[in-house]
Amino acid sequence: MHIRSANAPDLSTVRDLLEAAELPSEGLEDQFGPGYALAIEGDRTVGAAGVERYGRWGLLRSVVTAPEWRGRGVGEALVRNRLAWADTEGLEAVYLLTTTAARYFPRLGFEPVERDLLPLEIRESREFTSTCPSTAVAMRYSRRSG
Ligand SMILES: CC(C)(COP(=O)(O)OP(=O)(O)OC[C@H]1O[C@@H](n2cnc3c(N)ncnc32)[C@H](O)[C@@H]1OP(=O)(O)O)[C@@H](O)C(=O)NCCC(=O)NCCS
């Protein structure tokens with residue numbers, strides 16, 4: 257398995273992975289490109305994750321591993337890869353919203369954060385305003401915490 261940056265033609269593959277996992281894919285096309293990465297095994301895409309940019313901040317979204325590949329470190333490799341990318345891009349912290357995996361991300365250095373304390377740019381993102389329900393947990397990774 258290796259990880260590579262996404263290109264425009266990968267959009268439909270990532271959308272399919274998200275839909276199969278019942279994760280939202282609305283607005284995926286808005287920032288699809290080098291902020292996204294794919295996990296590749298042979299000729300198959302077995303996972304994906306993306307960091308979108310909102311001012312000085314990153315928003316990790318679309319973290320998904322194909323069901324038959326779960327539990328083998330694909331998700332962790334993808335998230336670590338995207339955090340490294342965010343670092344090289346100079347992003348100050350990376351946020352996420354999740355309804356399904358709040359207990360997964362602490363091992364990767366994320367901490368829960370009050371929604372009211374999120375940066376305005378993140379609160380105005382499409383994922384925040386329309387895609388993710390108000391019950392979603394907000395989490396934050398910064399180099400200090402990770
Ligand atoms: C969450 C997800 C990406 C993890 O991918 P993965 O490749 O299986 O993850 P890893 O192999 O790196 O880690 C596996 C470990 O995480 C745990 N884990 C996986 N999903 C979890 C979840 N939703 N909540 C809590 N723990 C979880 C597993 O139990 C396993 O624990 P162990 O190491 O103690 O055995 C994958 O389960 C998935 O695609 N889920 C559906 C989509 C989703 O909810 N994405 C998150 C959106 S924010």
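Residue numbers (my numbering): 257 to 402. Ideal placement from N, C-alpha and C gives every residue a C-beta, glycine not left out. In this text the structure is predicted, and so the values were computed from the model without any measurement.
Between residue i and residue j, how many whole angstroms is the CB-CB distance? I'm expecting something under 8 Å.
i, j, result
"Gly283", "Glu367", "In fact, because the Cβ distance is near 25 Å, the residues do not count as touching under 8 Å."
"Pro280", "Thr387", "4 Å"
"Arg260", "Leu315", "Arg260 to Leu315, Cβ: 21 Å. No contact."
Helix, strand or coil: which one does DSSP assign to residue i?
i, result
"Ala394", "strand"
"Leu373", "helix"
"Gly402", "Only weak support exists for where Gly402 lies, its pLDDT of 48 falling under 50; the coordinates are left without a value."
"Thr355", "coil"
"Pro362", "helix"
"Arg379", "helix"
"Ser281", "coil"
Does the distance from the CB of residue i to the CB of residue j come in under 7 Å?
i, j, result
"Ala333", "Tyr292", "no"
"Val330", "Gly311", "no"
"Val335", "Ala357", "no"
"Tyr353", "Ala394", "In the sequence on display, residue 353 carries Leu and not Tyr. Yes."
"Glu273", "Val319", "First, the residue type needs correcting, since residue 273 is Leu and not Glu in the sequence shown. Result no, Cβ atoms of Leu273 and Val319 do not sit closer than 7 Å."
"Tyr397", "Ile378", "no"
Following a CB-centred definition, is residue i positioned closer than 6 Å to any heavy atom of ligand 1?
i, result
"Arg326", "yes"
"Leu294", "no"
"Ala392", "no"
"Glu332", "yes"
"Leu315", "no"
"Arg396", "no"
If you measure from the CB of residue i, is any heavy atom of ligand 2 nearer than 6 Å?
i, result
"Thr354", "As far as ligands go, the structure on display features ligand 1 and does not contain ligand 2."
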